[in-house]
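Asker:
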């Protein structure tokens, strides 16, 4: 009832409901008031509805005024979450992304060539996000439910052991993954393509999606780099001879939390 | 996240009230609120900056409640015979019968969708746009549900029986 109606629009049921809730603009309220003065039966019905609302509120007042139990204090919830997370970290078995094992050769290292290739990978990651995150019917090729198959398939195609990171502590559930063609970009005279990339997609159950893009390439030791195009944000970095990018339409701090989690789990998984 | 606690804390009594009205079970309601707070804190950094915090929290709670209902629906909520017996035993609400017990008992006979709009609008005093956000439906749908819910609630309070069994109704 926030949209003002043109004068002359007949009184509707929506006006009458909004009258009960005092959510009518003043002009419209004046019209309804006049209408109700002329239609006492409608006025009685609305009075009844208002009384129902007040009755419900009264019935629930005790609950509202009840002291809040200790376990529902925000501080208590935060403390439990911290304990839960540290338990998570202690489980070294929860290795998530392992990469670069036995992948000798192809080392390019630091320097401009690596940076250019990271830039190309960022473009690929953003393009992949924009293409597939809007897919309703086929956002992924292999769904998360086929867990073992998904892991094996991605690992085979990328020629490195790849297990999707668990982002559940951040509220994101793995939907599945797909394989993408390698970014065929010439950078520093080196062909960057060859091995395909993987795109893992996650959703939060409320319509927000984000992707983790993994592209094997011979670069390493690139710190987080943040880019934004429109509402789409990406953080990309390189380690263990992979470019990794997280992309989504979520706040920057949130995306940073996702990137850290992906990197932390990799670091643990990849430790010798 | 010290600011999260400070922002969440004032909203907890209203969350408990809404959860209790939906579940009509004290312990179950607090479990639902606890679950909601845990999810809210987990997603805190991913929360878009603009939307109303209260609507965001109520949406999390509401979605959890609906999920729980779905998983429970495999078992019938009531035995049909029990329901008939209850209806026979419970005297219709009298003219002055706007007692809390009656109100809550009759509320429970409405579909969850109808309960939600009555509670969010009538008790929590939310703007229709916020209710639409909580329920994930357009404002127009909120309005039409509200109209139907109020009329059905009135009929229940007047002692009329609704044609459909509770819990089975899905109203778009």
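Protein chains in written order, with the numbering used here: chain A, -10 to 261; chain B, 692 to 863.
Think of the CB as a built atom: it goes at the ideal place given N, C-alpha and C, for glycine as much as any other residue.
1. For the segment 151 to 170 of chain A, list every residue whose C-beta sits within 9 angstroms of some C-beta in chain B, in sequence order.
2. Is residue 829 of chain B closer than 9 angstroms to residue 757 of chain B when the C-beta atoms are compared?
3. By the 10 Å Cβ neighbour count, where 16 or more other Cβ atoms means buried, how is residue -5 of chain A classified, buried or exposed?
4. From residue 245 of chain A to residue 816 of chain B, what distance separates their C-alpha atoms?
5. Output needed in chain order: residues of the segment 50 to 64 of chain A with a Cβ under 9 angstroms from some Cβ in chain B.
6. By a C-beta neighbour count over all protein chains shown, 10 Å radius and 16 as the cutoff for buried, is residue 254 of chain A buried or exposed?
7. I need the boundaries of the beta strand (DSSP E) containing residue 211 of chain A, first residue and last residue.
8. Could you tell me if residue 230 of chain A is buried or exposed, where buried requires 16 or more neighbouring beta carbons within 10 angstroms of its beta carbon?
9. Of all the options A/186, A/232 and A/199, which has the alpha carbon lying nearest to the alpha carbon of residue 222 of chain A?
10. Going by the DSSP bridge assignment, what does residue 237 of chain A pair with across the sheet?
11. Do residue 228 of chain A and residue 207 of chain A have their C-beta atoms closer together than 9 angstroms?
12. Looking at C-alpha atoms only, which residue of B/759, B/697, B/709 and B/704 is the closest neighbour of residue 864 of chain B?
13. Relative to chain B, which residues along the segment 7 to 38 of chain A have a C-beta separation below 7 angstroms, given in chain order?
14. Step through the CB atoms of chain A and report whether any lies within less than 9 angstroms of the CB of residue 721 of chain B.
15. Please decide whether residue 219 of chain A counts as near chain B, where near means a Cβ-Cβ distance under 9 angstroms.
16. Can you tell which of A/220, A/242, A/204 and A/37 has the C-alpha that lies nearest to the C-alpha of residue 847 of chain B?
17. What's the C-alpha gap between residue 761 of chain B and residue 807 of chain B?
18. Flag residue 749 of chain B as yes if its beta-carbon sits less than 9 angstroms from any beta-carbon of chain A, otherwise no.
19. Would you tell me roughly how many angstroms separate the C-alpha atoms of residue 118 of chain A and residue 153 of chain A, rounded to the nearest one?
20. Return the residues of the segment 216 to 244 of chain A that lie within a Cβ-Cβ distance of less than 7 angstroms from chain B, sorted by chain order.
21. Identify each residue in the segment 118 to 152 of chain A for which the Cβ-Cβ distance to at least one residue of chain B is less than 7 angstroms, and report them in chain order.
22. Residue 56 of chain A CB to nearest chain C CB: under 9 angstroms?
23. According to DSSP, is residue 154 of chain A helix, strand or coil?
24. Taking all protein chains shown into account, decide if residue 792 of chain B is buried (16 or more other Cβ within 10 angstroms of its Cβ) or exposed.
25. Out of curiosity, what's the CA-to-CA distance linking residue 176 of chain A and residue 108 of chain A?
26. Would you call the segment 722 to 740 of chain B and the segment 158 to 166 of chain A touching, i.e. three or more CB-CB distances under 8 angstroms?
27. Does residue 187 of chain A pass the burial test, meaning 16 or more other C-beta atoms within 10 Å, or should it be called exposed?
28. With respect to the beta strand (DSSP E) encompassing residue 262 of chain A, which residues constitute its N-terminal and C-terminal limits?
29. In terms of residues, what are the limits of the alpha helix (DSSP H) holding residue 808 of chain B?
30. Measuring alpha carbon to alpha carbon, tell me which residue in A/235, A/41, A/25 and A/219 is nearest residue 798 of chain B.
31. Would you please verify whether the beta carbon of residue 192 of chain A is less than 9 angstroms from any beta carbon of chain B?
32. By the 10 Å Cβ neighbour count, where 16 or more other Cβ atoms means buried, how is residue 805 of chain B classified, buried or exposed?
33. Does any CB atom of chain A fall closer than 9 angstroms to the CB of residue 828 of chain B?
34. Identify whether residue 86 of chain A lies in helix, strand or coil by the three-state DSSP scheme.
35. Indicate whether at least one CB of chain A lies closer than 9 angstroms to the CB of residue 738 of chain B.
Answerer: Let me lay it out:
1. 157, 158, 159, 160 and 161
2. no
3. exposed
4. 36 angstroms
5. 50, 51, 52, 53, 54, 55, 57, 58, 60, 61, 62, 63 and 64
6. buried
7. 211 to 218
8. buried
9. A/199
10. A/199 and A/222
11. no
12. Any question about residue 864 of chain B goes unanswered here, given that chain B covers just 692 to 863.
13. 10, 12, 37 and 38
14. yes
15. no
16. A/37
17. 16 angstroms
18. no
19. 16 angstroms
20. 239, 240, 242 and 243
21. none
22. Checking the listed chains, one finds no chain C in this structure; the protein chains it contains are A and B.
23. coil
24. exposed
25. Unreliable placement is indicated for residue 176 of chain A, whose pLDDT of 41 sits below 50; the coordinate value is still reported in the next sentence. For residue 176 of chain A and residue 108 of chain A, the distance between alpha carbons rounds to 10 angstroms.
26. yes
27. buried
28. Any answer about residue 262 of chain A is impossible in this case: the structure gives chain A only from -10 up to 261.
29. 803 to 808
30. A/41
31. no
32. buried
33. no
34. For residue 86 of chain A, the predicted model reports a pLDDT of 34, less than 50, meaning its position is unreliable and no value from the coordinates is stated.
35. yes
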